[in-house]
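Asker: According to the working numbering, the sequence shown is numbered sequentially starting from 3.
Okay, handing you the structure first.
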Amino acid sequence: MDLGSDIPFLHRPGWLSAAEATALLAQLEGRRDWTQGSVRLFGREVPEPRLTFFEGDLGITYTYAHRRLEGRGWSPELAALRDRIRAEFGLDANTVLANLYRDGRDSMGWHRDNERELGHDPHVASLSLGEARDFDVRRDADGATHRFTLGHGDLLWMGTQSQTMWTHSVPKRLKIKKLRINLTFRQVFC
Ligand SMILES: O=C(O)CCC(=O)C(=O)O
Numbered sequence: 003m004d005l006g007s008d009i010p011f012l013h014r015p016g017w018l019s020a021a022e023a024t025a026l027l028a029q030l031e032g033r034r035d036w037t038q039g040s041v042r043l044f045g046r047e048v049p050e051p052r053l054t055f056f057e058g059d060l061g062i063t064y065t066y067a068h069r070r071l072e073g074r075g076w077s078p079e080l081a082a083l084r085d086r087i088r089a090e091f092g093l094d095a096n097t098v099l100a101n102l103y104r105d106g107r108d109s110m111g112w113h114r115d116n117e118r119e120l121g122h123d124p125h126v127a128s129l130s131l132g133e134a135r136d137f138d139v140r141r142d143a144d145g146a147t148h149r150f151t152l153g154h155g156d157l158l159w160m161g162t163q164s165q166t167m168w169t170h171s172v173p174k175r176l177k178i179k180k181l182r183i184n185l186t187f188r189q190v191f192c
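Spelled out as structure tokens, the structure:
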């Protein structure tokens, strides 16, 4: 089915210039706070198939899949991106959750970003760096799907109803040997 423009996702290829994206990728790759979290699924602790770190305003907490993340302030480079996103999309992001996919074996299953603290209609700005990966979205109403391929420096805006009427995923791609980093800027309401 051709979803045309009837879709609350906006793909902005090259939102960051290649030079900006490459510098940011190198900086983020070198961070020491990447961790492999685990989530509780059906009563079992399961390691996440990716690494993550979290930044946010001091005192902000965000919990997903029983994993509690705490804001301890912002690094200058991510604060600058947060401000740019705020100016361009009007999203008052006070947190960023970063995902590192070591290669195509890392992935993210179908889900929505709809935790209670994200409010009744969460909007998310998602920035991709490194290896291009597919990003699939699926509409609840009829199961229609659409695939984006998110490349180095691309921004994906997930707007109104993107988290209430749709799910999304990053499927495994076993032929991909290189790393990708994704930053999801979110507004957490206390
Ligand atoms: O890696 C991506 O592009 C998506 C990340 C995502 O879905 C999430 O953090 O909830």
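We put the CB at the ideal spot given by N, CA and C, even for glycine.
#1: Nearest to Leu80 by alpha carbon, out of Leu12, Glu22, Asp142?
#2: Closest to Arg149 by C-alpha separation, out of Ser130, Asn116, His170, would be which residue?
#3: Can you give the Cα-Cα distance for Thr151 and Gly75, rounded to whole angstroms?
#4: Find the nearest neighbour of Arg33 within the set Arg46, Arg14, Phe55, judged by alpha-carbon distance.
#5: Is Val172 near ligand 1, with its Cβ less than 8 Å from a heavy atom?
#6: Just the C-alpha distance for Gln189 and Lys177, rounded to the nearest angstrom, thanks.
#7: Using the three-state DSSP reduction, which class does Thr24 fall into: helix, strand or coil?
#8: Please return the same chain residues whose Cβ sits closer than 8 Å to the Cβ of Ala95, not counting the five positions on each side in sequence.
#9: Smallest Cα separation from His154: which of Thr24, Gly161, Asp8, His122?
#10: My guess is that His13 and Leu158 are in contact by the Cβ rule of under 8 Å, so how many angstroms apart are they, rounded?
#11: Taking the continuous beta strand (DSSP E) assigned at Ile183, which residues delimit it?
#12: Return helix, strand or coil for Ala95, following the three-state DSSP convention.
#13: Among Leu129, Arg140, Gly61, which one has its Cα closest to the Cα of Arg70?
#14: Please give the ranges of any beta strand (DSSP E) in the segment 99–147, keeping only runs that are unbroken, at least 3 residues long and fully inside the region.
#15: Could you compute how far the alpha carbon of Glu90 sits from the alpha carbon of Ala134?
#16: On the three-state DSSP scale, how would you describe Pro49?
#17: Could you tell me which residues DSSP puts in a beta bridge with Gly61?
Answerer: The answer reads as follows:
#1: Taking the sequence shown and counting its residues from 1, one reaches residue 80 at position 78. Comparing Cα positions, the closest option is Glu22.
#2: On the sequence shown, position 147 is the one that residue 149 refers to. For the residues Ser130, Asn116, His170, the minimum Cα distance to Arg149 belongs to His170.
#3: As a position in the sequence shown, residue 151 is number 149, starting the count at 1. As a position in the sequence shown, residue 75 is number 73, starting the count at 1. A direct Cα-Cα distance of roughly 31 Å separates Thr151 from Gly75.
#4: For the purposes of this step, residue 33 is identified with residue 31 of the sequence shown, where counting begins at 1. Looking at the Cα atoms, Phe55 is the closest of the given residues.
#5: Against the sequence shown, residue 172 aligns to sequence position 170. Yes, the beta carbon of Val172 sits closer than 8 Å to at least one heavy atom of ligand 1.
#6: Taking the sequence shown and counting its residues from 1, one reaches residue 189 at position 187. Taking the sequence shown and counting its residues from 1, one reaches residue 177 at position 175. Each residue's Cα considered, the two are about 35 Å apart.
#7: Reading the sequence shown from its first residue, position 22 is the one you call residue 24. Here Thr24 carries a helix assignment [DSSP, helix/strand/coil].
#8: Taking the sequence shown and counting its residues from 1, the one referred to as residue 95 is at position 93. So the qualifying residues of the chain are Arg84, Ile87, Arg88, Ala127, Phe187, Arg188, Gln189.
#9: By one-based count along the sequence shown, residue 154 stands at place 152. Residue nearest to His154 within the set Thr24, Gly161, Asp8, His122 is Thr24 (criterion: CA-CA distance).
#10: Translated into the one-based positions of the sequence shown, residue 13 becomes position 11. Translated into the one-based positions of the sequence shown, residue 158 becomes position 156. Indeed, because the Cβ distance is near 6 Å, the residues count as touching under 8 Å.
#11: As a position in the sequence shown, residue 183 is number 181, starting the count at 1. Judged by DSSP secondary structure, Ile183 falls within the beta strand (DSSP E) whose first and last residues are 182–188.
#12: If you number the sequence shown from 1, residue 95 lands on position 93. Per DSSP, reduced to three states, the secondary structure at Ala95 is coil, with no helix or strand assignment.
#13: Taking the sequence shown and counting its residues from 1, one reaches residue 70 at position 68. Residue nearest to Arg70 within the set Leu129, Arg140, Gly61 is Gly61 (criterion: CA-CA distance).
#14: The segment 99–147 contains these whole beta strand (DSSP E) runs: 110–113, 126–132, 135–141.
#15: Looking up residue 90 in the sequence shown gives position 88. Looking up residue 134 in the sequence shown gives position 132. Taking the CA atoms as reference points, Glu90 sits about 24 Å from Ala134.
#16: In the sequence shown, counting from the first residue as 1, residue 49 sits at position 47. DSSP places Pro49 in strand when its eight states are reduced to three.
#17: Here residue 61 is taken as the residue at index 59 of the sequence shown, counted from 1. For Gly61, DSSP records no beta bridge to any residue.
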